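Using this note's numbering, read the sequence shown as starting at 89 and increasing by one per residue.
Glycine residues also receive a C-beta, built at the ideal position from the N, C-alpha and C atoms.
Please read all numbers here as calculations on a predicted model, not as lab measurements.
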Amino acid sequence: MRRVIILCEGQAEEQFVNRILSPYFVSQNIFTTPVILPTKRYVSGGRERGGVSSYAKIANELRLLCSDKNAYITTMLDYFRLPSDTPSMNHQRTDTYQHVAEIEAAIDEDIHCQNCHANLIVHEYEALLFSEPSAFACIADNVAVRRITEIRASFGTPEDINSSPEAAPSKRILQIKPDYRKVTQGIEIAELIGINKIIASCPHFAEWISKIKSE
């Protein structure tokens, strides 16, 4: 049995790990546990969860998780929303995948733990949902599904959808369906798509899954 702890940005990612990744990996004797990034810790031991306000919070949590030497530690954080003080975040690159790989490597170097390898979702969680636009039919009408299909057709992969901060995948979904709910509806869409389709459609995500298998 191998244990994998995934530091998640919020509840949507936590749901994704529990309901999409865990069933996929358990047949391979890999057991995944999501941990939502705490935004604030209290002396009493309590904490607030979700959101990324500074890189220091990411680094502190990763170092705490890395104390479990019997587990592989990784992350499910949005590249789009990383704090500006994240290592290499402000390096300008025309190739998104190159920049993401550089940031992941810089985080690994900063944390400096053998069992820790950072992963970023390109560009954000909602990009994965564009792997199969027809799955949006569970929450949207035919007109909305057609518009989402048109967006997907305009890009090489779902991970390429993000021409500007205002045109991020989640913003595009909200423009089409303003009442979209990331935590409840996002996971419903992801379950209909299925992890194999997401792996086939999203190269960086597929690389992450492969790393988890091989570690």
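Asked, Found
"Which of the three DSSP states, helix, strand or coil, is assigned to ASP248?", "helix"
"Let me confirm a value: THR96 is counted as buried when at least 16 other C-beta atoms fall within 10 Å, else exposed. Which label applies?", "Checking the sequence, you will find Cys at residue 96 rather than Thr. Classification of CYS96: buried, given that the 10 Å Cβ count is 16 or more."
"Taking DSSP as the reference, what is the three-state secondary structure of ASP183?", "coil"
"Can PRO122 and ILE146 be called in contact, C-beta distance under 8 angstroms?", "no"
"Counting along the chain, where does the beta strand (DSSP E) carrying THR162 start and finish?", "159-166"
"Just to confirm my understanding: we take VAL210, look at its own chain, exclude 5 residues before and 5 after, and list those with CB closer than 6 angstroms. What are they?", "TYR167, VAL188, GLU247 and HIS292"
"Distance check for PRO126 and GLU136, CA to CA, integer angstroms please.", "Per-residue confidence for GLU136 stands at a pLDDT of 43, beneath the threshold of 50, marking its modelled position as unreliable; the derived number appears in the next sentence. In a straight line, the C-alpha of GLU136 is about 5 angstroms away from that of PRO126."
"What are the complete alpha helix (DSSP H) segments, minimum 4 residues, inside the segment 92-132?", "99-104 and 110-114"
"Spatial neighbours of ALA294 within its chain, please: C-beta separation below 6 angstroms, excluding the five flanking residues on both sides.", "ILE287"
"Please state if the CB of GLU212 and the CB of ILE261 are separated by a distance shorter than 8 angstroms.", "no"
"Does the distance from the C-beta atom of ARG90 to that of ASN117 stay below 8 angstroms?", "yes"
"Are the beta-carbon atoms belonging to ILE191 and LEU217 less than 8 angstroms from one another?", "no"
"Going by DSSP in three states, ILE209 sits in which element: helix, strand or coil?", "strand"
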